[in-house]
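K.L.:
The listed protein sequences derive, respectively, from chains A and B. Quick note on the working numbering: the first sequence kicks off at 1 and runs consecutively. Quick note on the working numbering: the second sequence kicks off at 440 and runs consecutively. Virtual Cβ for every residue (Gly too), placed ideally from N, Cα, C. I am attaching a structure below and will ask some questions about it afterwards.
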Amino acid sequence: MKQNPNRNIRGRDLLHVPVAGAGATADATAVTSLFPRVLSRRSMLRRIGLAGLSLAAVPAWAEELVKLSLPSGPREREITHDFPQKGTMILQRTRPPLLETPMEVFDRGVFTPNDRFYVRWHWAVIPNSVDVNTFRLSVHGHVNQSLSLSMSEILSLPRVDLAAVNQCSGNSRGFFLPRVTGAQWAHGAMGNAKWTGVRLKDVLDRAGVKAGAIQVRFNGLDEPVVPDAPDFKKSLAIDHAGNGEVMIAFAMNDEQLPLLNGFPLRLIVPGWYSTYWVKMLSDIEVLDKPDDDYWMALAYTIPDTPNANITPGQTGVKMVPINRMVPRSFFTNLAEGASVPAGTSVPVRGIAFGGDTGVATVDLSSDGGRSWQPTALGKDHGKYSFRQWETTVPLSEKGSHSLMVRCTNLAGDVQPSSPNWNTSGFMRNVIETVRLTAT
Amino acid sequence: MRGTIIVIGAFAAALLFSTSAWVQQLPAIKSTTVDLPAGDRMFPGGSSADAINNNCLACHSADMVLNQPALPRATWEAEVRKMINVYRAPIDESDVASIVAYLVKTKGED
């Protein structure tokens, strides 16, 4: 990467502005308000490293780093400001980009700002320019009439909007033990946005799906560097594609999509992992036989077991394409290892989501999971959205305390108490624990 | 420019019939051009990194590898084979051993 002349200045500033996420004044205000007491820089850093992230105490000349609370190293990641339409992000890979959202972003609101929304691409050939006047969305295959839709034609279709969580299949992969290869994400390969677009059903109806259609395959403008490598395409069952919920979005959070989040069009598959949310969507193909390409048949498959869980080394397991998301919940205002004043009620809050249905309850335990108390839920933005939760916990005794948070969704699915494991590092949703010290 | 005006015009027309309050605040969709960071930093390690630098940086930057945890030799061998067989990385067979050796040295479990 090119050396940025501003980097030294930012690094030095960090020592004087103790803010997780580096540099933004708004961060300082938001975080400071959580902790009214005057804090030393050291304890402040410990406290605001929000749910697993903290700034490493780096020398003034060094690059900005965050330290992820992964079970083994390397834990440090570079903080980047170098990506277009993106603010401060955790750099997992420069090319093709893998950018993680710092946890403190999730403490500030139920919707993830576009410039902080995580980024994940498979292939490095990503168009860096899209002309909306010449862009076309192609619809073809097992249909009565092939279509080539301009942006103005798409914008003239009936509009829908929906709040939905987009989460990478491998979110939190870095916490898998034994460790597995892949993007070593902490918990920030997820985000929640208000998506605006048109129903995929309306587009398919316009083309006229022929009898015997089985799946619909989606392709974007990105391409592999090596021409004969498998182009990234994903498919949904025909009934799923036409269920009226799957969308083609042209806006997130009331603005056009950032290029790295899929400008100008992105498929929205509410309640399903992000692998299906094809970015820079340019091609829709209706299939009359199952998609057996690499990206459906081999990649993004999970063990067909409860929680996609197997024993390390286990073989001969039936694999199926990853699909519905499962419930999760996170602390956003308390970092691992934070100290809190003893003898007070500690405000605790975070976010949760139900997976492919809404949040029923978010419960908190301060006794290692023996008893659980319900938390207060924030505004309901729909069953596919993040939901904020909050409570207070009395920590009367000095010393170590562990808090656990657990989401139950409207289908009655509960986060498991022990972590799942599989070779790809997919679908982690174990109950999260944060360790605190009351002083 | 004329095309842009047509798009904005179509967008404005659509807004007239919109029933959702917040959709009406949506600005026009504009053509976008960005610059992406090159990600051309090399693997450290001098000549021991020659094979990995020569074969692996065309498709992805080095940081992806350097952020990986320590893993067994068999895992690194499988990973290099996957890059060749599945992702069609044009890696010279005579470089495979050197790439695996670098991965085991820097990211091995010993």
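1. Give the residues of chain B in contact with S72 of chain A, contact being defined as C-beta atoms less than 9 Å apart.
2. On the premise that V125 of chain A lies in contact with P97 of chain A, defined as a C-beta separation below 8 Å, what is that separation, rounded to the nearest angstrom?
3. On the three-state DSSP scale, how would you describe M503 of chain B?
4. How about R512 of chain B: is its C-beta nearer than 8 Å to some C-beta of chain A?
5. Rounded to the nearest angstrom, what separates K233 of chain A and D291 of chain A at their Cα positions?
6. How long is the line joining the alpha carbons of A540 of chain B and A490 of chain B, rounded to whole angstroms?
7. Pairs of beta-carbons, one from the segment 326 to 339 of chain A and one from the segment 261 to 272 of chain A, closer than 8 Å: are there three or more?
8. Is there a Cβ of chain B sitting closer than 8 Å to that of G21 of chain A, yes or no?
9. When you compare only the Cα positions, how much space is there between N506 of chain B and G484 of chain B?
10. Can you tell me whether S43 of chain A is helix, strand or coil according to DSSP?
11. Going along the segment 520 to 536 of chain B in order, which residues come within less than 7 Å of chain A, judged by CB to CB distance?
12. Using the beta-carbon of each residue, which ones in chain B are nearer than 9 Å to P264 of chain A?
13. Are any of the Cβ atoms in chain A nearer than 8 Å to that of E518 of chain B?
14. Should S146 of chain A go down as buried or exposed, given a rule of 16 or more other Cβ atoms within 10 Å for buried?
15. For the alpha helix (DSSP H) containing T332 of chain A, list its first residue and its last residue.
16. Under 7 Å Cβ-Cβ, which residues of chain B neighbour D115 of chain A?
17. What residues of chain A sit near C498 of chain B, judged by a beta carbon separation below 9 Å?
18. Q373 of chain A: buried (16+ other C-beta within 10 angstroms of its C-beta) or exposed?
19. Does the segment 355 to 366 of chain A come close enough to the segment 81 to 90 of chain A to have 3 or more Cβ pairs within less than 8 Å?
20. D115 of chain A by DSSP, collapsed to three states: which one?
21. Considering only C-alpha positions, which residue in the set A:P258, A:L68 and A:P270 is nearest to G242 of chain A?
22. Mind checking who G141 of chain A pairs with in its DSSP beta bridge?
23. My output table needs one value for K67 of chain A: the three-state DSSP class, helix, strand or coil.
24. Is it buried or exposed, P303 of chain A, if we count other Cβ atoms within 10 angstroms and call 16 or more buried?
25. Take the Cβ of K383 of chain A as the centre, count every other Cβ of all protein chains shown within 10 Å, and call the residue buried at 16 or more, exposed below.
26. With DSSP as the reference, identify every bridge partner of M404 of chain A, one or two as the case may be.
27. Less than 6 Å between C-beta atoms, sequence neighbours within five positions excluded: which residues of the same chain meet that for N171 of chain A?
28. Determine, using beta carbons only, whether L91 of chain A comes closer than 8 Å to chain B.
29. Output needed in chain order: residues of the segment 129 to 147 of chain A with a Cβ under 7 Å from some Cβ in chain B.
30. Sort A:D380, A:T101 and A:D205 by Cα distance to L157 of chain A and report the nearest one.
31. Looking at the unbroken beta strand (DSSP E) that takes in S385 of chain A, where does it start and where does it end?
32. For R179 of chain A versus P511 of chain B, is the C-beta distance shorter than 8 Å?
33. For the segment 99 to 106 of chain A and the segment 131 to 138 of chain A, state whether three or more C-beta atom pairs, one from each stretch, are separated by less than 8 Å.
34. Run through DSSP, which three-state label would I79 of chain A get?
35. Going by DSSP, which residues form a beta bridge with N192 of chain A?
36. Would L475 of chain B count as contacting chain A if we go by Cβ distances under 8 Å?
P.N.:
To lay it out plainly:
1. P508 and A509
2. The distance from the Cβ of P97 of chain A to that of V125 of chain A is about 13 Å, inconsistent with a contact at the 8 Å cut-off.
3. Of the three classes helix, strand and coil, the one that applies to M503 of chain B here is helix, per DSSP.
4. Not a single CB atom of chain A sits nearer than 8 Å to the CB of R512 of chain B.
5. D291 of chain A has its alpha-carbon roughly 9 Å from the corresponding atom of K233 of chain A.
6. 10 Å
7. no
8. Its pLDDT being 31, under 50, G21 of chain A is placed unreliably in this model, and the value from its coordinates should be taken loosely. Chain B, which has no Cβ nearer than 8 Å to the Cβ of G21 of chain A, makes this no.
9. For N506 of chain B and G484 of chain B, the gap between their C-alpha atoms comes out near 16 Å.
10. Residue confidence for S43 of chain A is low, a pLDDT of 37 falling below 50, so the modelled location carries little weight; the figure read from the coordinates is stated next. S43 of chain A falls in the helix class under three-state DSSP.
11. V525, Y526, R527, A528 and P529
12. I468, S470 and T471
13. yes
14. Exposed is the call here.
15. Per DSSP, T332 of chain A belongs to no alpha helix (DSSP H) and is neither H nor E.
16. Within chain B, no residue comes near D115 of chain A; the closest Cβ sits about 13 Å away, beyond 7 Å.
17. Here the neighbours are R95, P96, W123, A124, P224, V225, V226 and A229.
18. exposed
19. no
20. helix
21. The shortest C-alpha separation from G242 of chain A is found at A:P270.
22. A:V286
23. For K67 of chain A, the three-state secondary structure derived from DSSP is strand.
24. buried
25. buried
26. A:S365 and A:T433
27. W185, A189 and M190
28. yes
29. Flagged, chain order: S129, V130, D131, V132 and N133.
30. A:D205
31. Looking at the DSSP string, S385 of chain A is not in any beta strand (DSSP E), and its letter there is neither H nor E.
32. no
33. no
34. It is a strand residue.
35. A:V165
36. yes
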